[in-house]
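Chains A and B supply the protein sequences, listed in that same order. Going by my numbering, 200 is the number at position 73 of the first sequence; the sequence numbering is gapless. Going by my numbering, 107 is the number at position 45 of the second sequence; the sequence numbering is gapless. Note that beta-carbon positions come from the ideal geometry of N, C-alpha and C, so glycine has one too. These numbers come from a predicted model, not from an experiment. Just below is one structure, and these are the notes that go with it.
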Amino acid sequence: DAGVIQSPRHEVTEMGQEVTLRCKPISGHNSLFWYRQTMMRGLELLIYFNNNVPIDDSGMPEDRFSAKMPNASFSTLKIQPSEPRDSAVYFCASSSTTEQGRGYTFGSGTRLTVV
Amino acid sequence: AQKVTQAQTEISVVEKEDVTLDCVYETRDTTYYLFWYKQPPSGELVFLIRRNSFDEQNEISGRYSWNFQKSTSSFNFTITASQVVDSAVYFCALSPFRSGTYKYIFGTGTRLKVLA
Chain A
128 DAGVIQSPRH EVTEMGQEVT LRCKPISGHN SLFWYRQTMM RGLELLIYFN NNVPIDDSGM
188 PEDRFSAKMP NASFSTLKIQ PSEPRDSAVY FCASSSTTEQ GRGYTFGSGT RLTVV
Chain B
63 AQKVTQAQTE ISVVEKEDVT LDCVYETRDT TYYLFWYKQP PSGELVFLIR RNSFDEQNEI
123 SGRYSWNFQK STSSFNFTIT ASQVVDSAVY FCALSPFRSG TYKYIFGTGT RLKVLA
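Below is the structure:
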């Protein structure tokens, strides 16, 4: 298995632009998570999906952030409009609810820089 | 409230020294999982181990060992005979074992530097 695949690996954008981050979970995993990592706040859970349905989006910072999971093999995290304080590494992770104890598998992350 | 505390922000050791990374957690759940993840300089997050709250048996995997003590709410991680390749940020995480809720609460991480 190729693991959790995130794209792009790096994104540099100007303030005010729309940014879309993409994630392909491991086949067969039915839970997907979006995390944000910054020096100040560490690893924060933004949102997670079970069977493509958003379960908890309480970590989404504000309305500028939105996430979708149209099918079991694809999810997007969109920021519109982007701001410099959104600069961070965004990780996608997937797991199987029937194997929760095995832990998440994380993607390699997308390093976002908003200038 | 659920919380994971990794009080050691950064630790430096010389190669071949043993080092212990501390993790203290808070939860009201009686059933939960604990995890350790490694984040090397390349940035990815690598799963190391999970332990469920009913299993207090310590575990050893090569140079790595984990000491879970429910009485002190701690899940410490020891690297024996450290190597330069162990240099990374290590995260401890807590996950309640509830149907439909699989959130992990991560600690702030401990940066380990192993010097040659």
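- Annotated as distal: residue 231/A and residue 176/A, with beta-carbon spacing of 9 Å or more.
- In this structure, DSSP gives residue 183/A an extended state, which the three-state scheme calls strand.
- Membership of residue 171/A in the beta strand (DSSP E) is indicated by the continuous run 169–177.
- At least one C-beta of chain B is nearer than 9 Å to the C-beta of residue 220/A.
- Shown in chain order are the members of the region 105–127 of chain B whose Cβ falls below 7 Å from a Cβ of chain A: 105, 106, 107, 109, 112, 114.
- In the assembly as shown, residue 150/B is a buried residue. Its beta-carbon has 16 or more other beta-carbons within 10 Å.
- DSSP places residue 197/A inside the beta strand (DSSP E), whose first and last residues are 192–198.
- Within the same chain, and ignoring the five residues on either side of residue 156/A in sequence, the residues whose Cβ sits closer than 7 Å to its Cβ are 221, 222, 223.
- Under the DSSP definition of a beta bridge, residue 165/B lacks any partner.
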